[in-house]
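Protein chains in written order, with this note's numbering: chain A, 59 to 581; chain B, -15 to 398. A virtual CB, placed ideally from N, CA and C, is assigned to each residue, including glycine.
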């Protein structure tokens, strides 16, 4: 190698060292440059947060009620206030069926060739503890938990058929094959058969019984396995079938003279929301009706109708009411109906309701098939269409209002606006033809902040004095207070000077906005 | 007395350059030097007589905005408290235009064989590139919303259309052939470790002065790579160089290709909220439902099925050089692509000083920023090597109020 070549090589070598140094330095600088502090800046925000209305649907507090606007608004309620749940018809008791097969000899072994039948029996599985005489049912849900045990030294097969139980048109059949068990050991197989949607004929093997399922059980050695079972006198084969959690969708038969509790308690005005006062209620229609969807007669004995414990008289109270059975012959239910006109009550039930009671209660009892089995075992019940108590009410919104008070509590989970300083803007707009006196209390649940109180009067929207029916407050707040879970407890009272007519369009509007400076932080 | 050695100078400059390159976006290092500095010289075979291939290494980094000065950009990227005066100054600079910020950094190693391939006039050539670029744009209203809030312009419809942000990085290892006058074409294998992009296609925001009417709508999409992608790219150069012609013309195409991105995470938002405030409770939008877990999940769709074919942000450079005298020249260059919101136009004057020095000044318009100057110097070392430094907006290097910085360093064997 001559000197010139050596010089070039040396030069290049120095260059590669430089590159290594450069790469290391750049990597180090890269790491140093990755460390950063949060970037922060301030923004001025102004946003509406809440806009909520308090109207007549809030006052009557029920989603089934509708308000028809007009020159005189009408509140209508036409819906179910109670449904009759008859457990005796919809729940079947759990039933355990066990079969144990043991040899009639002692000692052994006894040779059992392939294809031998050890047991072949047809019998009914009887549901105990049912007072009614059921002929058929359709299950909403339920299951059979089965278990098969064998101590036989040889293959054992079991075929358990339930020809009267069908799921999706197929009868329920169970086949179990157990391998030979060792000395003193049991071969076991367990499982579950889902009976959801199953149709069950409860007339048994003979076809003219009640409350029983026909079954056929065959136990033997499998013909397709070349194995000779060695059976000893001490061997056994145990089969158990456990019918569990059977909930009925449809049932037919004779339901017997079942007593039904008929205690109805209907919440009317929530005292937490309606704090007191008087609201003149003069309904033009108020009909209470009972729809009997059972294909079985009912005798209704109503003892009392009470408004917050105050009894209300009515000609139909204390007198047995016979309600005819429903007609299911067309596949659609034609219920038996019974009506009670509440406008005939005395003292008038609506005078009592005007004082904003919490509960209306009705006590009594019913009796199924008061005349016995007049249908020849043709009673029918579909749990999806239970008997219902319905109310049809029409209430024109006009009358006097005295110190009618409402209260609502709004929960806030906290608003995460870091580094915020500003105002919470509350605005109340009165759209009622009467003025409202109100109180508002904003309470933080952590009690780290002093509650804020507001009160005043919002004039009606056509106040003759010209006062604005909109009032606004500003509450200074910080991010700590905003992020803390809090409650806004709002209560208001209105008082009309004599009769007042409502159109149904009345609203009390609550708006909340936020305005202030927020520090944005980007980590 | 210690003498200043060229190797030490280069090393020092290179350390600075690579450090700049290694810094994150706002401090990223480079820009291609406009034109071929030696292009008017007669084509000559490589003069580097070392055993190694003739090569050149270029590292660069630049960041630039048309509204945000260096101080604001640095605060956004490196952290710290942003004073409102900085925000207002940037907003005033933006006026009614779209705001832009972009960066480009990378390194490129070019090499070519010393000898012709067999008996042809062709040489083998190759290059390795590593690039990281980013681009973001915003409407004036978006800027106001994000950095000053909405309280200062109630009753105004804020238009957010076209606001976007995207960034990508890739490596390109290419081989090809080089003909006479350094015309070359290369096909490269591309490895892209990541890319993300987000775009507001349409977006509006409005709040009235009474604070009881708000309208917010957003149709936007975003895409993020979850796995590295592979692709192909074409690099090509064509140089018009004639001894009889009094000018030179160059065309450079880089990273014209695509990447196959497997299972990218795609998000899409298309929602409108028009409210005077939300009800306290109830189905749909309400204060109560907002506080429920998973509420935001219903506002967007996410999908990561299949693969996307995405174009690389390639770039086309067109350069024209005209000698004013044997030692002076004038050049013009236009650069297109690489996610620049506007083509970058460069015009410059250069002069040779003695046998070893060249220097030039330029005016640059377009790209991500406003009109700015640039300057460069090139030293042809006695050992058939050359080193070049290029500074964009050189007066801005000592100033926090400049709208960006850029530096390019090139070391080459001739």
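Helix, strand or coil at residue i according to DSSP, with G and I counted as helix
| i | result |
| --- | --- |
| residue 233 of chain A | strand |
| residue 345 of chain A | strand |
| residue 69 of chain B | helix |
| residue 448 of chain A | strand |
| residue 166 of chain B | helix |
| residue 532 of chain A | strand |
| residue 327 of chain B | strand |
| residue 163 of chain A | coil |
| residue 251 of chain A | strand |
| residue 78 of chain B | helix |
| residue 555 of chain A | coil |
| residue 129 of chain A | coil |
| residue 334 of chain A | strand |
| residue 241 of chain A | coil |
| residue 453 of chain A | strand |
| residue 571 of chain A | strand |
| residue 127 of chain B | helix |
| residue 356 of chain A | strand |
| residue 562 of chain A | coil |
| residue 183 of chain A | strand |
| residue 400 of chain A | helix |
Top-ranked residue by Cα proximity to residue i, from the options
| i | options | result |
| --- | --- | --- |
| residue 208 of chain B | B/276, B/246 and B/363 | B/246 |
| residue 365 of chain A | A/332, A/410 and A/386 | A/410 |
| residue 164 of chain B | B/121, B/134, B/97 and B/150 | B/97 |
| residue 452 of chain A | A/104, A/137, A/232 and A/96 | A/137 |
| residue 129 of chain B | B/190, B/335, B/157 and B/88 | B/190 |
| residue 178 of chain B | B/210, B/242, B/161 and B/90 | B/210 |
| residue 213 of chain A | A/193, A/245, A/153 and A/222 | A/245 |
| residue 460 of chain A | A/108, A/566 and A/550 | A/550 |
| residue 183 of chain B | B/141, B/50, B/157 and B/250 | B/250 |
| residue 555 of chain A | A/516, A/492, A/536 and A/331 | A/492 |
| residue 546 of chain A | A/527, A/490, A/466 and A/572 | A/466 |
| residue 299 of chain A | A/479, A/445, A/113 and A/158 | A/158 |
| residue 289 of chain B | B/62, B/80, B/244 and B/248 | B/248 |
| residue 376 of chain A | A/134, A/420 and A/148 | A/420 |
| residue 449 of chain B | B/175, B/376 and B/156 | The requested residue 449 of chain B is not part of the displayed model; chain B covers only -15 to 398. |
| residue 148 of chain A | A/499, A/510 and A/444 | A/444 |
| residue 190 of chain A | A/568, A/150, A/180 and A/179 | A/150 |
Identified DSSP bridge partners for residue i
| i | result |
| --- | --- |
| residue 44 of chain B | B/392 |
| residue 222 of chain B | B/235 |
| residue 357 of chain B | B/347 |
| residue 336 of chain B | B/342 |
| residue 401 of chain B | As shown, chain B starts at -15 and ends at 398. That puts residue 401 of chain B outside it, with no answer to give. |
| residue 261 of chain A | A/270 |
| residue 391 of chain A | None; residue 391 of chain A has no bridge partner. |
| residue 302 of chain A | A/201 |
| residue 217 of chain B | B/172 and B/241 |
Per-residue contacts from residue i into chain D (C-beta, under 9 angstroms)
| i | result |
| --- | --- |
| residue 263 of chain B | Protein chains A and B are contained in the structure displayed, whereas chain D is not. |
Decide yes or no for the touch test of the segment 233 to 247 of chain A against the segment 190 to 199 of chain A: beta carbon pairs closer than 8 angstroms, at least 3 of them.
Contact fails: fewer than three Cβ-Cβ distances are below 8 angstroms.
Quick check: the segment 213 to 221 of chain B against the segment 525 to 540 of chain A, are at least 3 beta-carbon pairs closer than 8 angstroms?
Result no; under three Cβ-Cβ pairs closer than 8 angstroms.
Cβ contact (3+ pairs, closer than 8 angstroms) linking the segment 283 to 300 of chain A and the segment 167 to 187 of chain A
Short answer: they touch.
Using a Cβ cut-off of 9 angstroms, which residues of the segment 96 to 125 of chain A contact any Cβ in chain B, in chain order?
96, 97, 98, 99, 100, 101, 102, 103, 104, 105, 106, 107, 108, 109, 110 and 111: these are the residues of the segment 96 to 125 of chain A whose beta carbon lies less than 9 angstroms from some beta carbon of chain B, given in chain order.
If contact means a Cβ-Cβ distance below 8 angstroms, which residues of the segment 99 to 125 of chain B contact chain A?
Residues of the segment 99 to 125 of chain B with a Cβ closer than 8 angstroms to any Cβ of chain A: none.
Using a beta-carbon distance cut-off of less than 7 angstroms, what residues from the segment 559 to 574 of chain A approach chain B?
Shown in chain order are the members of the segment 559 to 574 of chain A whose Cβ falls below 7 angstroms from a Cβ of chain B: 569, 570, 571 and 573.
On the three-pair Cβ rule with 8 angstroms, is the segment 310 to 324 of chain B touching the segment 276 to 291 of chain B?
Short answer: they don't touch.
Pull out every residue of the segment 474 to 491 of chain A whose Cβ sits closer than 7 angstroms to any Cβ of chain B, in chain order.
Within the segment 474 to 491 of chain A, the qualifying residues are 483.
At a Cβ cut of 9 angstroms, what residues of the segment 47 to 66 of chain B count as close to chain A, listed as they run along the chain?
Answer set for the segment 47 to 66 of chain B: 59, 60, 61, 62, 63, 64, 65 and 66.
Residues of the segment 278 to 306 of chain A whose Cβ lies closer than 8 angstroms to any Cβ of chain B, in chain order:
Answer in chain order: no residues at all.
Select from the segment 457 to 472 of chain A all residues with a C-beta closer than 9 angstroms to any C-beta belonging to chain B, and list them in chain order.
Of all residues in the segment 457 to 472 of chain A, only 466, 468, 469, 470, 471 and 472 come within less than 9 angstroms of chain B when Cβ atoms are compared, listed by chain position.
Below 8 angstroms between beta carbons is the criterion; list the residues of the segment 232 to 259 of chain B that meet it against any residue of chain A, in chain order.
Of all residues in the segment 232 to 259 of chain B, 259 have a Cβ within less than 8 angstroms of some Cβ in chain A.
Using Cβ-Cβ distances below 8 angstroms, what residues of the segment 182 to 202 of chain B are close to chain A?
Only those residues of the segment 182 to 202 of chain B whose C-beta falls short of 8 angstroms from the nearest C-beta of chain A are listed: 191, 195, 196, 197 and 198.
Report yes or no: do three or more beta-carbon pairs, one from the segment 99 to 107 of chain A and one from the segment 534 to 544 of chain A, lie closer than 8 angstroms?
Contact between the segment 99 to 107 of chain A and the segment 534 to 544 of chain A is absent, because fewer than three Cβ pairs lie under 8 angstroms.
To be precise: take each residue of the segment 123 to 157 of chain B, compare its Cβ to all Cβ atoms of chain A, and keep it if any distance is under 7 angstroms. Which residues remain?
When C-beta distances to chain A are compared with 7 angstroms, the residues of the segment 123 to 157 of chain B below that value are 131, 132, 133, 134, 135, 136 and 138, in chain order.
Can you pull out the residues from the segment 364 to 391 of chain B whose beta carbon lies closer than 8 angstroms to at least one beta carbon of chain A?
Residues 367.
Return the residues of the segment 74 to 92 of chain B that lie within a Cβ-Cβ distance of less than 9 angstroms from chain A, sorted by chain order.
Per Cβ criterion, the list is empty.
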